[in-house]
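Novice: The structure is given below, and queries will be raised subsequently.
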Amino acid sequence: MIDIRRHVRSGMLLVAAAGLLAGCHGPQRPDMARLPGPAQDYLLVSTYFMAEGSLVSRLQDGGLSGQQVYDMAASLKYGKHTIMTVLQKPSRRARRDGRQAVALMVACANQPDPSTLHGVAPPRCIPGAPLMPVNANGQVVPPSAGPAPR
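When the letters of the sequence shown are read in order and numbered with the working numbering, they come out as residues 287 to 436.
Set out below in C-alpha coordinates:
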(Lines of atoms letter the chains of each structure in order from A and count residues from 1; the text may use other names and numbers.)
(Lines give C-alpha, C1' and ligand atoms only; values in the text may rest on other atoms or scores of the structure.)
Protein backbone atom coordinates (compact mmCIF):
# COMPACT_ATOMS: atom_id res chain seq x y z
CA MET A 1 0.00 0.00 0.00
CA ILE A 2 1.19 3.58 -0.74
CA ASP A 3 2.05 5.73 2.25
CA ILE A 4 0.66 9.14 1.26
CA ARG A 5 2.26 10.87 4.22
CA ARG A 6 5.72 9.96 2.98
CA HIS A 7 5.02 11.50 -0.45
CA VAL A 8 3.52 14.64 1.08
CA ARG A 9 6.46 14.99 3.44
CA SER A 10 9.02 14.56 0.63
CA GLY A 11 7.04 17.03 -1.49
CA MET A 12 7.07 19.56 1.35
CA LEU A 13 10.83 19.11 1.76
CA LEU A 14 11.30 19.63 -1.96
CA VAL A 15 9.21 22.84 -1.91
CA ALA A 16 11.10 24.11 1.15
CA ALA A 17 14.47 23.41 -0.52
CA ALA A 18 13.35 25.19 -3.70
CA GLY A 19 12.18 28.19 -1.65
CA LEU A 20 15.48 28.30 0.19
CA LEU A 21 17.46 28.19 -3.04
CA ALA A 22 15.24 30.83 -4.62
CA GLY A 23 16.08 33.18 -1.75
CA CYS A 24 19.81 32.84 -2.36
CA HIS A 25 21.32 35.48 -4.56
CA GLY A 26 23.89 34.76 -7.19
CA PRO A 27 27.04 36.80 -7.52
CA GLN A 28 26.18 40.46 -8.02
CA ARG A 29 27.35 42.19 -11.14
CA PRO A 30 29.79 44.98 -10.42
CA ASP A 31 28.34 48.44 -10.73
CA MET A 32 29.92 51.10 -12.90
CA ALA A 33 31.84 52.63 -9.99
CA ARG A 34 33.96 49.49 -9.61
CA LEU A 35 35.12 49.51 -13.22
CA PRO A 36 38.44 51.10 -14.13
CA GLY A 37 38.35 54.76 -15.16
CA PRO A 38 38.76 54.26 -18.93
CA ALA A 39 35.90 51.74 -18.97
CA GLN A 40 33.69 54.19 -17.08
CA ASP A 41 34.58 56.92 -19.56
CA TYR A 42 33.73 54.65 -22.50
CA LEU A 43 30.35 53.72 -21.02
CA LEU A 44 29.60 57.35 -20.20
CA VAL A 45 30.38 58.52 -23.73
CA SER A 46 28.26 55.77 -25.29
CA THR A 47 25.41 56.61 -22.90
CA TYR A 48 25.73 60.27 -23.89
CA PHE A 49 25.35 59.40 -27.56
CA MET A 50 22.25 57.33 -26.82
CA ALA A 51 20.74 60.22 -24.86
CA GLU A 52 21.63 62.64 -27.66
CA GLY A 53 19.91 60.36 -30.16
CA SER A 54 16.77 60.28 -28.05
CA LEU A 55 16.78 64.10 -27.83
CA VAL A 56 17.13 64.46 -31.59
CA SER A 57 14.37 61.92 -32.16
CA ARG A 58 12.06 63.74 -29.75
CA LEU A 59 12.76 67.05 -31.50
CA GLN A 60 11.97 65.48 -34.87
CA ASP A 61 8.66 64.14 -33.53
CA GLY A 62 7.56 67.74 -32.93
CA GLY A 63 4.70 68.90 -30.76
CA LEU A 64 6.97 70.64 -28.26
CA SER A 65 6.64 74.07 -26.74
CA GLY A 66 9.39 76.63 -27.19
CA GLN A 67 10.36 76.23 -23.55
CA GLN A 68 10.77 72.47 -23.98
CA VAL A 69 12.96 72.95 -27.05
CA TYR A 70 15.06 75.48 -25.12
CA ASP A 71 15.43 73.04 -22.20
CA MET A 72 16.46 70.26 -24.58
CA ALA A 73 19.06 72.48 -26.24
CA ALA A 74 20.41 73.60 -22.86
CA SER A 75 20.65 70.01 -21.59
CA LEU A 76 22.40 68.93 -24.79
CA LYS A 77 24.92 71.76 -24.53
CA TYR A 78 25.55 71.02 -20.85
CA GLY A 79 25.91 67.30 -21.57
CA LYS A 80 28.41 67.92 -24.35
CA HIS A 81 30.42 70.23 -22.10
CA THR A 82 30.56 67.75 -19.21
CA ILE A 83 31.47 64.82 -21.48
CA MET A 84 34.32 66.85 -22.95
CA THR A 85 35.48 67.64 -19.42
CA VAL A 86 35.42 63.93 -18.55
CA LEU A 87 37.54 63.12 -21.58
CA GLN A 88 40.01 65.98 -21.10
CA LYS A 89 40.37 65.88 -17.31
CA PRO A 90 39.01 62.56 -16.01
CA SER A 91 38.14 62.49 -12.32
CA ARG A 92 35.44 61.11 -10.06
CA ARG A 93 33.70 64.45 -9.88
CA ALA A 94 33.79 64.90 -13.66
CA ARG A 95 32.31 61.41 -14.15
CA ARG A 96 29.58 62.12 -11.59
CA ASP A 97 28.77 65.41 -13.34
CA GLY A 98 28.72 63.58 -16.67
CA ARG A 99 26.27 60.97 -15.34
CA GLN A 100 24.03 63.74 -14.02
CA ALA A 101 24.16 65.55 -17.36
CA VAL A 102 23.16 62.40 -19.23
CA ALA A 103 20.30 61.84 -16.75
CA LEU A 104 19.18 65.42 -17.39
CA MET A 105 19.23 64.82 -21.14
CA VAL A 106 17.09 61.71 -20.72
CA ALA A 107 14.66 63.65 -18.51
CA CYS A 108 14.35 66.34 -21.19
CA ALA A 109 13.77 63.71 -23.89
CA ASN A 110 10.92 62.22 -21.84
CA GLN A 111 8.91 65.46 -21.60
CA PRO A 112 5.19 65.11 -22.30
CA ASP A 113 3.58 66.59 -25.39
CA PRO A 114 1.93 69.90 -24.33
CA SER A 115 -1.17 69.12 -26.40
CA THR A 116 -1.98 66.21 -24.07
CA LEU A 117 -1.92 68.41 -20.95
CA HIS A 118 -5.15 70.37 -21.74
CA GLY A 119 -3.60 73.83 -21.46
CA VAL A 120 -1.49 73.13 -18.37
CA ALA A 121 2.14 74.12 -18.71
CA PRO A 122 4.41 71.05 -18.87
CA PRO A 123 6.84 70.56 -15.99
CA ARG A 124 10.40 71.73 -16.57
CA CYS A 125 13.06 69.09 -17.05
CA ILE A 126 15.80 71.48 -15.88
CA PRO A 127 15.28 72.26 -12.20
CA GLY A 128 15.74 75.90 -11.25
CA ALA A 129 16.36 77.14 -14.80
CA PRO A 130 15.06 80.60 -15.72
CA LEU A 131 12.02 80.78 -17.94
CA MET A 132 12.41 82.08 -21.45
CA PRO A 133 10.53 85.35 -22.10
CA VAL A 134 7.30 84.83 -24.07
CA ASN A 135 5.64 87.42 -26.31
CA ALA A 136 1.87 88.08 -26.65
CA ASN A 137 1.47 85.22 -29.14
CA GLY A 138 2.94 82.71 -26.69
CA GLN A 139 6.17 82.36 -28.65
CA VAL A 140 9.60 82.38 -27.06
CA VAL A 141 11.44 85.64 -27.68
CA PRO A 142 14.90 85.01 -29.16
CA PRO A 143 17.83 86.42 -27.21
CA SER A 144 19.31 89.70 -28.37
CA ALA A 145 21.98 89.46 -31.02
CA GLY A 146 25.04 90.53 -29.09
CA PRO A 147 28.61 89.34 -29.07
CA ALA A 148 29.09 85.76 -28.02
CA PRO A 149 30.38 85.31 -24.47
CA ARG A 150 33.97 84.19 -24.18
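C-beta: ideal position from N, C-alpha, C; glycine also.
Return the chain-ordered ranges of every beta strand (DSSP E) run that is complete within the segment 344-408 and spans a minimum of 3 residues.
Specialist: Listed in chain order, nothing qualifies, since the segment 344-408 has no complete beta strand (DSSP E) run of 3 or more residues.
Novice: If you reduce the DSSP assignment to three classes, tell me which class residue 300 lands in.
Specialist: As a first step, residue 300 must be located in the sequence shown, where it is residue number 14. It is helical.
Novice: So, under 8 angstroms CB-CB, residue 372 and residue 380 are touching, yes? Tell me the CB distance rounded to an integer number of Å.
Specialist: For the purposes of this step, residue 372 is identified with residue 86 of the sequence shown, where counting begins at 1. For the purposes of this step, residue 380 is identified with residue 94 of the sequence shown, where counting begins at 1. Indeed they touch by this definition, with Cβ atoms about 5 angstroms apart.
Novice: I need the straight-line Cα distance from residue 349 to residue 338, nearest angstrom please.
Specialist: Position 63 of the sequence shown, counted from the first residue, corresponds to residue 349. Position 52 of the sequence shown, counted from the first residue, corresponds to residue 338. Taking the straight line joining both Cα atoms gives about 18 angstroms.
Novice: For residue 336, count neighbouring C-beta atoms within 10 Å of its own C-beta (all shown protein chains included) and say buried if the count is 16 or more, exposed if not.
Specialist: To locate residue 336, count along the sequence shown from 1; it is residue 50. Exposed, since its Cβ has fewer than 16 Cβ neighbours within 10 Å.
Novice: Residue 320 to residue 384, Cα distance in whole Å?
Specialist: To locate residue 320, count along the sequence shown from 1; it is residue 34. To locate residue 384, count along the sequence shown from 1; it is residue 98. Distance between the alpha carbons of residue 320 and residue 384: 17 angstroms.
Novice: Relative to the C-alpha of residue 256, which residue among 389, 376, 302, 399 is closest?
Specialist: Beyond the ends of the chain as shown, which are 287 and 436, falls residue 256; an answer cannot be given.
Novice: What residue from 356, 332, 361, 302 has the CA that sits closest to residue 386's CA?
Specialist: Looking up residue 386 in the sequence shown gives position 100. With distances taken between Cα atoms, residue 386 lies closest to 361.
Novice: Could you give the C-beta distance for residue 364 and residue 390, rounded to a whole number, given that I count them as a contact under 8 angstroms?
Specialist: As a position in the sequence shown, residue 364 is number 78, starting the count at 1. As a position in the sequence shown, residue 390 is number 104, starting the count at 1. At roughly 7 angstroms, the Cβ-Cβ gap stays under 8 angstroms, so residue 364 and residue 390 are in contact.
Novice: Between which residues of its own chain and residue 290 is the CB-CB distance below 6 angstroms, once the five residues before and five after are set aside?
Specialist: Within the sequence shown, numbered from 1, the residue matching residue 290 stands at position 4. Cβ within range, chain order: n/a, list empty.
Novice: Report buried or exposed for residue 406, applying the criterion of at least 16 other Cβ atoms within 10 angstroms of its Cβ.
Specialist: As a first step, residue 406 is located in the sequence shown; it is residue number 120 there, counting from the start. Label assigned to residue 406: exposed.
Novice: Just the C-alpha distance for residue 358 and residue 302, rounded to the nearest angstrom, thanks.
Specialist: Stepping through the sequence shown from its first residue, residue 358 is reached at position 72. Stepping through the sequence shown from its first residue, residue 302 is reached at position 16. C-alpha separation (whole angstroms): 53 angstroms.
Novice: If you compare alpha carbons, which of 394, 382, 343 is closest to residue 410?
Specialist: Locating residue 410 in the sequence shown gives position 124, where the first residue counts as 1. The shortest C-alpha separation from residue 410 is found at 394.
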